[in-house]
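Below is one structure; the comments refer to it alone.
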Amino acid sequence: MWKISQMVCLGILAGMSVTDLLYRKVSGELLAAVGIGAVIFQICYGKCNVWILGGGIAVGLCFLVISRLTGEGIGYGDSIMILLLGIYLGIWKLLIVLSGAFFLLALAAVVLLSYYSIRGKGMAQGTVGMKRISRKYALPFYPFLTCGYILYLVSWK
709 MWKISQMVCL
719 GILAGMSVTD
729 LLYRKVSGEL
739 LAAVGIGAVI
749 FQICYGKCNV
759 WILGGGIAVG
769 LCFLVISRLT
779 GEGIGYGDSI
789 MILLLGIYLG
799 IWKLLIVLSG
809 AFFLLALAAV
819 VLLSYYSIRG
829 KGMAQGTVGM
839 KRISRKYALP
849 FYPFLTCGYI
859 LYLVSWK
């Protein structure tokens, strides 16, 4: 059975996924509130080893560095949420979530590029709504992060 904290985390990720899909950005204030909640959760209920928790934080910090170095190839909001999930889950569970998220993201990218390539738009370029799609097209990451978290919840006890 899922715990209340897992359902709250899923609700937050789902809400932020909708925001990311619609507006391509997330609220900094909401991320700050989630961060405070993750820290309070770890202080009050955390059963995580300090090293596992530190590893999760380190993964999040690595993503923030990647965001900086790539000019937001991975957005700061995405990296901050990965950091907050690292605080909430610890390194091993976070890596499971990220593995699922990046697998699903790669699958979606291949499907989109293949679809538009088959349609004959030339070099896998087509339109999604009014936007051109190519290898440089940026997909919102929160929905994939949410799906990765759902895969973690369903497959790991």
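Residues in the sequence shown are numbered consecutively from 709, following the working numbering. Positions of the beta carbon are idealized from the N, C-alpha and C atoms, including for glycine. Remember, predicted model here, so these are calculated numbers, not experimental data.
Would the beta-carbon of residue 791 fall within 8 Å of that of residue 772? yes
How would you label residue 787, buried or exposed, when you count the other beta carbons within 10 angstroms and need 16 or more for buried? buried
Report the start-end ranges of each alpha helix (DSSP H) in the segment 773 to 821 that is 4 residues or longer and not cut off at the edges. 784 to 797
Determine the DSSP secondary structure at residue 864, reduced to helix, strand or coil. coil
Pick out whichever of 823, 767 and 847 has its Cα sitting closest to the Cα of residue 798. For the residues 823, 767 and 847, the minimum Cα distance to residue 798 belongs to 767.
Alpha-carbon to alpha-carbon, residue 793 and residue 803: 10 Å
Which stretch, first to last residue, makes up the alpha helix (DSSP H) that contains residue 734? Residue 734 -> no alpha helix (DSSP H), and no H or E assigned at all.
Where residue 756 sits in the DSSP three-state scheme: coil
Can you have a look at residue 699 and say buried or exposed, based on whether 16 or more other CB atoms are within 10 angstroms of its CB? Outside the displayed span of the chain (709 to 865) sits residue 699, for which this structure offers no information.
In its own chain, which residues sit with a C-beta less than 8 Å from the C-beta of residue 760, not counting the 5 before and 5 after it? Only residues of its own chain outside the window of five on either side were considered, and among them 798, 799 and 800 have a CB closer than 8 Å to the CB of residue 760, listed in chain order.
State buried or exposed for residue 715, treating a residue as buried only when at least 16 other CB atoms are found within 10 Å of its CB. exposed
Among 780, 769, 722 and 711, which one has its Cα closest to the Cα of residue 753? 711
Taking just the CA atoms, how far does residue 717 sit from residue 650? Outside the shown range of the chain (709 to 865) lies residue 650, about which nothing can therefore be said.
Within 10 Å of its beta-carbon, does residue 746 have 16 or more other beta-carbons around it, so buried, or fewer, so exposed? buried
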